[in-house]
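Residue numbers (UniProt numbering): 1 to 534. In this text, a Cβ means the ideal position worked out from N, Cα and C, and glycines have one as well. These numbers come from a predicted model, not from an experiment. Read the structure below first, then the notes.
This is the structure in structure tokens:
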């Protein structure tokens with residue numbers, strides 16, 4: 001469908017006629033199913049051994065992501081410079097989510113999927129969901145004429161956070177949802193959240209205001225210039241339009257500039273969107289630079305959690321620490337407008353997806369590994385939800401932990417440094433030299449990031465967990481607060497009141513469930529004590 005639209009777009013015909021190679025590629029990718037089957041069969045024979053070593057859970061989504069990316073990657077033109085792929089121990093065609101050595105130490109400001117370390121790099125980010133539901137989500141994107149370069153759906157409307165039971169369609173917030181949405185949501189009881197990554201903010205809003213003026217509050221009447229200024233200059237750089245009906249489905253969508261998204265993923269200047277992508281999401285349109293930045297975001301989340309955890313812990317403790325990062329300092333948690341059990345609900349109900357997201361980093365990082373005999377690396381243990389409390393161990397060597405401190409995202413690391421400068425009463429001139437020496441790049445090259453004496457000193461401090469928590473709080477609190485306040489203007493009074501009322505109700509319900517659970521636990525403990533006395 002996308003190719004048919006391209007072919008019918010004004011001005012595309014000269015381009016297609018002038019590039020016969022592209023026509024050949026289009027014909028190849030549009031070939032009949034029986035030809036596709038033969039091609040894939042021959043490919044599977046050549047990679048049978050490597051496929052057997054890789055969890056089947058990741059196979060199809062990795063393949064879909066790679067094929068989708070390759071069909072969007074432009075062919076290099078004569079005279080163009082293509083970044084050479086870094087050497088690694090594995091073939092670039094091997095269907096593995098592995099991370100080649102030194103991948104973080106490159107200046108990865110890339111523009112094409114072919115410049116990623118290998119074809120399947122970042123496949124761990126692509127979660128598996130029902131095909132019909134995924135197609136329903138993609139059809140929603142097609143209702144926007146303004147170009148969306150990167151998009152993902154997230155939240156409880158896509159990934160359940162509770163043991164949902166079938167409800168009447170009459171209770172659904174969706175006016176006329178597709179059957180796939182009703183089935184996936186077991187009655188269709190959740191608004192679906194999206195994030196749209198765009199290249200030019202004002203241009204995007206100008207086009208969208210022309211097509212969907214009703215999506216905007218009164219700000220829309222003041223023009224795309226003001227809308228884009230409100231988006232980019234206030235809060236976390238996201239403009240949300242909530243309670244919008246598209247294809248009969250109730251959605252909320254946030255618009256963010258790709259540069260803003262890239263910066264938050266790689267540097268953690270707000271953790272607003274980076275935090276969302278640290279949990280399972282469904283990527284609907286991918287972009288190479290964002291895929292690379294998100295891998296940096298994910299491995300940074302693992303390192304931050306490790307700095308807050310003891311030598312041995314369970315995978316649920318690791319995933320809970322990661323999922324809780326972006327909620328630390330979030331005013332919605334302080335004002336009880338979020339479910340207090342939100343983090344545990346996310347992890348408990350998305351355990352398999354968390355394993356897919358983070359297992360490649362546990363495998364590749366030199367200072368952490370699974371320490372549980374039940375984990376069989378040759379089998380699909382990641383998909384086995386009966387495996388609970390899997391043990392993980394980390395190396396507490398100060399050099400390795402110092403390296404983790406040094407490799408934290410730039411903006412976040414500087415906040416942690418500043419906290420320890422005050423604790424150590426370090427003179428400003430001495431501290432400035434440390435900060436200058438920790439820069440990731442100089443005028444000529446990108447530096448290999450090794451921990452300094454200051455990093456190792458920080459890693460050895462007994463209050464490291466507390467200090468990391470304070471740095472997260474400083475990162476999240478103001479952007480999240482100002483973004484919530486911005487919602488009063490961008491959503492309009494009526495939608496904002498509706499949103500806050502629903503959040504407050506969810507918070508009260510979660511607190512009641514938490515209190516009930518605590519009461520049952522205490523009753524059970526009291527009963528056990530009575531039996532012991534008898």
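The C-beta of residue 396 has fewer than 16 other C-beta atoms within 10 Å across all chains shown, which makes the residue exposed. For residue 291, same chain residues with a beta-carbon under 6 Å away, outside a window of 5 residues either side, are 122 in chain order. With respect to the 8 Å criterion, residue 217 and residue 481 are not classified as neighbours on the basis of their beta carbons. Around the Cβ of residue 197, a 10 Å sphere holds 16 or more other Cβ atoms; the residue is buried. For residue 435, the enclosing alpha helix (DSSP H) begins and ends at 428-437. Residue 300 is positioned such that its CB atom lies closer than 8 Å to that of residue 409. Counting only runs of 3 or more residues that sit fully inside the region 105-168, the beta strand (DSSP E) segments are 150-154, in chain order. For residue 132, the CB contacts under 7 Å within the same chain, skipping 5 residues up- and downstream, are 180 in chain order.
Per DSSP, reduced to three states, the secondary structure at residue 369 is strand.
Taking C-beta atoms as the reference points, residue 152 and residue 283 count as a pair closer than 8 Å.
Straight-line spacing of the CA atoms in residue 109 and residue 281 works out to 23 Å. Per DSSP, the unbroken alpha helix (DSSP H) holding residue 361 starts and ends at 351-364. Boundaries of the alpha helix (DSSP H) around residue 416: 410-424.
Uninterrupted alpha helix (DSSP H) stretches at least 4 residues long and entirely within the region 260-322 occur at 272-276, 288-308, given in chain order. Beta-bridge pairing by DSSP links residue 245 to 250.
Annotated as distal: residue 315 and residue 251, with beta-carbon spacing of 8 Å or more. In the three-state reduction of the DSSP assignment, residue 483 falls in the helix class.
For residue 124, same chain residues with a beta-carbon under 6 Å away, outside a window of 5 residues either side, are 97, 356, 357, 360 in chain order. Per DSSP, residue 395 lies in no alpha helix (DSSP H) and is assigned neither H nor E. In the structure shown, the three-state DSSP call for residue 220 is helix. The closest CA to that of residue 126, considering only 286, 457, 201, is found on 286.
Going by C-alpha positions, residue 479 is about 43 Å away from residue 373.
For residue 224, the CB contacts under 7 Å within the same chain, skipping 5 residues up- and downstream, are 202, 205, 206, 209 in chain order. Note that the C-beta distance between residue 289 and residue 475 is not below 8 Å. DSSP places residue 194 in the uninterrupted beta strand (DSSP E) bounded by 192-198. No residue range can be given for residue 213, since it is assigned to no alpha helix (DSSP H) and is classified by DSSP as neither H nor E. Taking a contact to require three or more Cβ pairs closer than 8 Å, the region 490-500 and the region 235-245 qualify as touching. The Cβ atoms of residue 404 and residue 271 lie no closer than 8 Å to each other. The shortest C-alpha to C-alpha distance from residue 162 to any of 343, 407, 310 is the one to 343. In this structure, the straight-line span from the alpha carbon of residue 460 to that of residue 382 is close to 33 Å. Residue 439 is classed as exposed because its beta carbon has fewer than 16 other beta carbons within 10 Å across all chains shown.
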